[in-house]
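Plus 191 on top of the position in the sequence shown (first one is 1) and you've got my numbering.
From the three backbone atoms N, C-alpha and C, an ideal C-beta is built for every residue, glycine too.
The structure appears below as structure tokens.
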Amino acid sequence: MKDAKNLDKQWVVLSELSSELVNRGIKVSEIVFEKLRLANALLSYYILDPHASIDVLANVEKELNYIQSQLFSLCDTELTEKYLNKMIKAVRGELNVKFPLSRSSYNKEVKKRGKVESIRVKLQKEIQIERLSDLGEWHGVIFEYSDERDKVIIEGNIDRVKRALKDFAVMWKED
192 MKDAKNLDKQ WVVLSELSSE LVNRGIKVSE IVFEKLRLAN ALLSYYILDP
242 HASIDVLANV EKELNYIQSQ LFSLCDTELT EKYLNKMIKA VRGELNVKFP
292 LSRSSYNKEV KKRGKVESIR VKLQKEIQIE RLSDLGEWHG VIFEYSDERD
342 KVIIEGNIDR VKRALKDFAV MWKED
């Protein structure tokens, strides 16, 4: 996993602070929670995607600075001191907390490259590969069986994929 320059730890501290404020009955703006979710998604993307640019961290830092300014303005002296100490430790990397990675169910088979699309369709029953090949040749797309059971992948230009999918649906109902 990639290093998020301790921004992940700062996110955890700010998330805890927002929860503590809510538990104390202090009204926290909804935009703070939106920005916490956004920062979480950006951090997860940066940590999990090996191709993510370090520029993502600049956006995360901007969001966290906004959240921090909003939350600390709602704190009393005692709470401010407690969470400032935690933030200092988080910035230095001295805080041992776990960032909740938000993982989406990414499928390597479904992709888009320029005008080429890939879609995956679940089959109710198996269709002969020869029939799929004929349909693929007719529409200029590629049909292939997925790594997953009972699924087929259609790959090609988006308009051709749509036309092939319409004919495929008719053929699917015939069987």
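Cβ-Cβ separation, residue j to residue i (assumed contact under 8 Å), whole Å
i	j	result
Y237	V247	4 Å
L212	L265	6 Å
K313	K342	5 Å
V361	E308	At roughly 20 Å, the Cβ-Cβ gap does not stay under 8 Å, so V361 and E308 are not in contact.
E254	K226	5 Å
V204	A230	So it is not a contact: roughly 12 Å between Cβ atoms.
Close beta carbons around residue i, own chain, < 7 Å, minus the five adjacent residues each side
i	result
N197	A281, V282, G284
K299	With a pLDDT of 49 at K299, under the threshold of 50, the predicted position of this residue should be treated as unreliable, though the coordinate-derived value follows. Here the set comprises nothing.
D325	none
Residue nearest to residue i in terms of C-alpha spacing, selected from the options
i	options	result
R340	E317, R322, F290, E328	E317
Q235	W329, D199, V343, T268	In the sequence as displayed, the identity of residue 235 is Ser instead of Gln. The candidate whose alpha carbon is nearest that of S235 is D199.
L275	Q201, D350, S220, D194	Q201
D194	F359, L239, N348, D350	L239
S209	A249, N348, Q315, L270	L270
Distance between residue j and residue i (C-alpha atoms, nearest Å)
i	j	result
L356	A232	33 Å
K306	Y336	22 Å
G331	Q319	18 Å
R311	I349	13 Å
Unbroken beta strand (DSSP E) run spanning residue i, endpoints
i	result
I310	307-313
I279	Note, I279: premise wrong, no beta strand (DSSP E); alpha helix (DSSP H) at 268-283.
N348	342-348
F334	333-336
Nonlocal neighbours in the same chain, by C-beta distance under 8 Å from residue i, ignoring five residues either side
i	result
I217	L265
I222	Q261
D143	Residue 143 is absent from the structure shown; the chain starts at 192 and stops at 366.
First and last residue of the uninterrupted alpha helix (DSSP H) at residue i
i	result
E221	221-239
K218	Per DSSP, K218 belongs to no alpha helix (DSSP H) and is neither H nor E.
L248	246-263
I320	320-330
Contacts around residue i, its chain only, beta-carbon distance under 6 Å, and the 5 residues preceding and following it disregarded
i	result
L292	S235
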